[in-house]
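Below is one structure; the comments refer to it alone.
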Amino acid sequence: MTTARLLADLAEVVGPAHVLTDPAVTSAYCTDWTGRWRGVAQAVVRPADTAQTAEVVRRCAAAGVAICPQGGNTGLVGGGVPPADGRPTIVLSMTRLTGVDDVDVAARAVGVGAGVTIGDVQRAAVAAGLDFGVDLASRDSATVGGAIATNAGGIHFVRYGGMRAQLLGIEAVLTSGEVLRRWRPLRKDNVGYDLPGLLAGSEGTLAVITGALLRLVPQTRRGAVAVVAVQDPARGLAVIDAVERAGLTLHAAELMTEAGLDLVHRHGQRRALPAGTPFAVLIEVAGADAGDLAAVLAEASVDDAAIDDSPAADLWALRERHTESIARDSTTPVVKLDLTLPAGALGAFVATVERLAAAAGVRPIMFGHLADGNVHVNLLDVDPAHAEDVTDAVLREVAAVGGSISAEHGVGRAKAPWLGLGRDAVDVAAMRAIKRALDPAGLLNPGVLGL
Ligand code: 2HG
Ligand code: ZN
Numbered sequence: 003m004t005t006a007r008l009l010a011d012l013a014e015v016v017g018p019a020h021v022l023t024d025p026a027v028t029s030a031y032c033t034d035w036t037g038r039w040r041g042v043a044q045a046v047v048r049p050a051d052t053a054q055t056a057e058v059v060r061r062c063a064a065a066g067v068a069i070c071p072q073g074g075n076t077g078l079v080g081g082g083v084p085p086a087d088g089r090p091t092i093v094l095s096m097t098r099l100t101g102v103d104d105v106d107v108a109a110r111a112v113g114v115g116a117g118v119t120i121g122d123v124q125r126a127a128v129a130a131g132l133d134f135g136v137d138l139a140s141r142d143s144a145t146v147g148g149a150i151a152t153n154a155g156g157i158h159f160v161r162y163g164g165m166r167a168q169l170l171g172i173e174a175v176l177t178s179g180e181v182l183r184r185w186r187p188l189r190k191d192n193v194g195y196d197l198p199g200l201l202a203g204s205e206g207t208l209a210v211i212t213g214a215l216l217r218l219v220p221q222t223r224r225g226a227v228a229v230v231a232v233q234d235p236a237r238g239l240a241v242i243d244a245v246e247r248a249g250l251t252l253h254a255a256e257l258m259t260e261a262g263l264d265l266v267h268r269h270g271q272r273r274a275l276p277a278g279t280p281f282a283v284l285i286e287v288a289g290a291d292a293g294d295l296a297a298v299l300a301e302a303s304v305d306d307a308a309i310d311d312s313p314a315a316d317l318w319a320l321r322e323r324h325t326e327s328i329a330r331d332s333t334t335p336v337v338k339l340d341l342t343l344p345a346g347a348l349g350a351f352v353a354t355v356e357r358l359a360a361a362a363g364v365r366p367i368m369f370g371h372l373a374d375g376n377v378h379v380n381l382l383d384v385d386p387a388h389a390e391d392v393t394d395a396v397l398r399e400v401a402a403v404g405g406s407i408s409a410e411h412g413v414g415r416a417k418a419p420w421l422g423l424g425r426d427a428v429d430v431a432a433m434r435a436i437k438r439a440l441d442p443a444g445l446l447n448p449g450v451l452g453l
């Protein structure tokens, strides 16, 4: 079947207005948020619901056309954009699946479409007197489907876990066009393989997620935030430990560096700590106020801290404005490496990256989710011709000290060549077997994950 014929067929399924082919319109869907990854698609197809999604998948599979599922296109590893190798591909944009069911307050659960934003889940939960356990800076663009596909973590991972931990159920279209649906608001449901858990982090390579039944959590009504100056990450971890040992509930614990803070200040954010602080840790606690947190920090001999009751938007802005300030400041597309380090290796790793970056003539800004050992290494002003070399050097260092080459952003296209640094041969073979079983023709997100 010709591609033109397939697109005409797909237009019958989703309506002609939802098969986009004008390059002026489709280019935004084919380029990732960082501008580093650009692909080519014959069309962007925008189904309205699960039935249309299933029909689109069935017809693409019959025609041998690849499918790149996409949510809000806020991913940072190129996993949501089509390949650039010219193979016939459509982008399957899931942003029209925006249904939000009534919150099941007794079960603390809500069913939502894959295209609902994380912010809309939070608002639905709050309106019902509850909350959603995942929060991230891209909350108003990132969709549930994309966040599940990447197993996004975010700022409250330390308390509630990432997207995988929020899944009570899932709905997804298989390459056969059949709809897999596990949809019971049960906390315990131990019948066979954890398929929702498997689709979390599958990065669009196993099935197209159309909806999810999400766990909700009680609201945090009282809280406090501190931004604390520390000499090194180890001291930051010690302060976090002291806060938890004092009985306070950790809601977030984020690491920032002097270079990152200087950058967000240059981009307009007011300072909370004096200039020259080598590292800063943002700590949010739940169920306590600023006075309680100040007392614990004094006990832990912290002498430089800015403290406020939650939500403390000004203190949080210091951390949340990193990504956009970095994007605005770099002269080339930023090389973003999201990593986990063993707690004891963090300080030395930061110093090593600074050395590697200096040798490569690029600017490093590091920040991240300290309590999870998750560092976001951002490399600015990297000559695109050298992006692979500098990535290789950093990822090898992570593997050498026993860390993970992907903490919460996924593997995508950015890290696919380094999959073997994160998983051994037996592990990769088992993943490949799963991929072959669910997508024998290799039509779902080819090139992503490197399987
Ligand atoms: C965050 O923690 C996101 O803000 C983005 O994971 C990280 O921009 C980044 O590198
Ligand atoms: Zn993050």
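Counting in this note's numbering, the sequence shown tops out at residue 453, every number present.
Every residue, glycine too, gets a C-beta built ideally from N, C-alpha and C.
From a predicted model like this one, the values you see are computed outputs, not experimental measurements.
Per-residue DSSP class, three states only, for residue i
i, result
"residue 77", "coil"
"residue 484", "Past the boundaries of the shown model lies residue 484; the chain is included only from 3 to 453, so the question cannot be answered."
"residue 413", "coil"
"residue 72", "strand"
"residue 311", "strand"
"residue 407", "coil"
"residue 189", "coil"
"residue 158", "coil"
"residue 388", "helix"
"residue 344", "coil"
"residue 220", "strand"
"residue 349", "helix"
"residue 226", "strand"
"residue 115", "strand"
"residue 251", "strand"
"residue 99", "coil"
"residue 106", "strand"
Cβ separation of residue i and residue j, assumed to be a contact under 8 Å, to the nearest whole Å
i, j, result
"residue 207", "residue 450", "6 Å"
"residue 226", "residue 175", "That belief does not hold up - the Cβ atoms of residue 226 and residue 175 are roughly 44 Å apart, past 8 Å."
"residue 221", "residue 133", "5 Å"
"residue 255", "residue 283", "6 Å"
"residue 89", "residue 68", "6 Å"
"residue 224", "residue 291", "6 Å"
"residue 144", "residue 172", "Rounded, the Cβ-Cβ distance is 17 Å, inconsistent with contact."
"residue 116", "residue 146", "6 Å"
According to DSSP, residues forming a beta bridge with residue i
i, result
"residue 173", "183, 213"
"residue 258", "282"
"residue 368", "379"
"residue 92", "45, 69"
"residue 149", "The partner list for residue 149 (beta bridge, DSSP) is empty, contrary to what the question assumes."
"residue 40", "33"
"residue 231", "282"
"residue 288", "225, 251"
"residue 339", "379"
"residue 201", "Paired residue(s): none; residue 201 is not in a bridge."
"residue 21", "47"
"residue 133", "219"
"residue 446", "69"
Given residue i as reference, the closest of the options once Cα atoms are compared
i, options, result
"residue 257", "204, 342, 200", "342"
"residue 390", "91, 420, 227", "420"
"residue 52", "24, 101, 86", "101"
"residue 156", "398, 378, 393", "378"
"residue 135", "278, 253, 193, 365", "253"
"residue 239", "353, 432, 442, 349", "349"
"residue 215", "209, 225, 180, 169", "169"
"residue 273", "296, 309, 293", "309"
"residue 197", "26, 162, 151, 362", "151"
"residue 295", "249, 143, 166, 61", "249"
"residue 138", "4, 36, 325, 109", "325"
"residue 403", "87, 430, 345, 412", "345"
"residue 107", "205, 115, 126", "126"
"residue 182", "55, 383, 49", "55"
Cutoff 8 Å: residue i Cβ touching any chain B Cβ
i, result
"residue 309", "Among the protein chains of the structure shown there is no chain B, as only one such chain exists."
Problem set entry | Heavy atoms of the ligand FMN versus C-beta positions, residues under 7 Å | The ligand FMN is not part of the structure shown, which contains the ligand 2HG and the ligand ZN as its ligands.
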